[in-house]
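Enquirer: For the sequence shown, position 55 matches number 832 in this note's numbering, and the numbering has no gaps at all. In this text, a Cβ means the ideal position worked out from N, Cα and C, and glycines have one as well. All figures in this text were calculated on a predicted structure; none of them were measured in a lab. Take a look at this one; I'll ask things after.
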Amino acid sequence: MISYLFRGTTVVFVLFFALFVAVTNSQAQSIELATSDDHIVCWGMEPFWSLDHQGNAGEWRSYDSFGDVTQAVSGSFGVAGGAYGPIALWRGQAVEADGAGGADYVIIAEPAAIEISEADDYRPTHAARAATPDGRLLRGVCAIPAVEIGW
Numbered sequence: 778m779i780s781y782l783f784r785g786t787t788v789v790f791v792l793f794f795a796l797f798v799a800v801t802n803s804q805a806q807s808i809e810l811a812t813s814d815d816h817i818v819c820w821g822m823e824p825f826w827s828l829d830h831q832g833n834a835g836e837w838r839s840y841d842s843f844g845d846v847t848q849a850v851s852g853s854f855g856v857a858g859g860a861y862g863p864i865a866l867w868r869g870q871a872v873e874a875d876g877a878g879g880a881d882y883v884i885i886a887e888p889a890a891i892e893i894s895e896a897d898d899y900r901p902t903h904a905a906r907a908a909t910p911d912g913r914l915l916r917g918v919c920a921i922p923a924v925e926i927g928w
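So, in structure tokens, the structure goes:
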């Protein structure tokens, strides 16, 4: 009976240790992002949206059932591992008429093999997700850096 309890305790200890190692190895790690001043263009369809950004200023456009919206934005792009690194992040704010910062826009982009369509003006290099101030999550692509196709 004692040897049976000892084996059961050993099994529980081994499972606990394995779980502890798995949890400590899977904790989130931060990625250092280098600021990029390249000309970067992101866009998506259904609903249409786009960001044309260079330096720390740009223009956000969207068109949906609420109409056509054009908004000046300020923000910065950060990339990990150079222009074609594993991730790119843009965080910006709408520039209000009085010059004050408005609500946040966020775009996260990852490298992806994307087919070019005849409607594209720039060569897409990254799949993108954009979060808007009104809480919408949009899908699209980014050209990082923006290289014109020149049809």
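Bridge partners of G821, per DSSP?
Expert: As a working mapping, residue 821 is identified with position 44 in the sequence shown. In DSSP, G821 forms a bridge with W826.
Enquirer: When the distance is taken between beta carbons, is S839 closer than 7 Å to E812?
Expert: Translated into the one-based positions of the sequence shown, residue 812 becomes position 35. Translated into the one-based positions of the sequence shown, residue 839 becomes position 62. First, the amino acid is wrong: residue 812 is Thr here, not Glu. Cβ distance not < 7 Å, so T812 and S839 don't count as in contact.
Enquirer: By a C-beta neighbour count over all protein chains shown, 10 Å radius and 16 as the cutoff for buried, is A896 buried or exposed?
Expert: Taking the sequence shown and counting its residues from 1, one reaches residue 896 at position 119. Exposed, by the Cβ-count rule.
Enquirer: If you draw a straight line from the C-alpha of A849 to the C-alpha of W826, how long is it?
Expert: As a position in the sequence shown, residue 849 is number 72, starting the count at 1. As a position in the sequence shown, residue 826 is number 49, starting the count at 1. If you take the alpha carbons of A849 and W826, they lie about 14 Å apart.
Enquirer: With a 10 Å radius around its C-beta and 16 neighbouring C-beta atoms as the bar for buried, classify I893 as buried or exposed.
Expert: As a first step, residue 893 is located in the sequence shown; it is residue number 116 there, counting from the start. I893 is exposed by the Cβ-count criterion.
Enquirer: Only counting the same chain, and skipping five residues up and downstream in sequence, which positions put a Cβ closer than 7 Å to that of A889?
Expert: As a working note, residue 889 is residue 112 in the sequence shown. Here the set comprises H903 and A904.
Enquirer: Taking the beta carbon of T909 as the centre, do at least 16 other beta carbons fall within 10 Å, making it buried, or is it exposed?
Expert: For this step, residue 909 is matched to residue 132 along the sequence shown. With 16 or more other Cβ atoms within 10 Å, it is buried.
Enquirer: My output table needs one value for R868: the three-state DSSP class, helix, strand or coil.
Expert: Numbered from its first residue, the sequence shown carries residue 868 at position 91. R868 falls in the strand class under three-state DSSP.
Enquirer: Taking C-beta to C-beta, are A923 and V856 nearer than 7 Å?
Expert: The residue labelled residue 923 in the question sits at position 146 within the sequence shown. The residue labelled residue 856 in the question sits at position 79 within the sequence shown. It is not a contact, given that the beta carbons lie outside the stated cut-off.
Enquirer: Once you ignore the five residues that flank P824 on each side, which residues in its own chain have a CB closer than 6 Å to its CB?
Expert: For the purposes of this step, residue 824 is taken as residue 47 along the sequence shown, with counting starting at 1. Once the five neighbours on either side are set aside, the close Cβ partners of P824 are D841.
Enquirer: Can you grab the Cα-Cα spacing for the pair W867 / I884, in whole Å?
Expert: On the sequence shown, residue 867 is found 90 positions in, with the first residue counted as 1. On the sequence shown, residue 884 is found 107 positions in, with the first residue counted as 1. Looking at the two C-alpha atoms, the distance is approximately 5 Å.
Enquirer: Restricting to Cα atoms, I'd like to know which of S851, A865 and A834 is closest to I921.
Expert: Counting from one through the sequence shown, the residue named residue 921 turns up at place 144. When only C-alpha atoms are compared, the closest one is A865.
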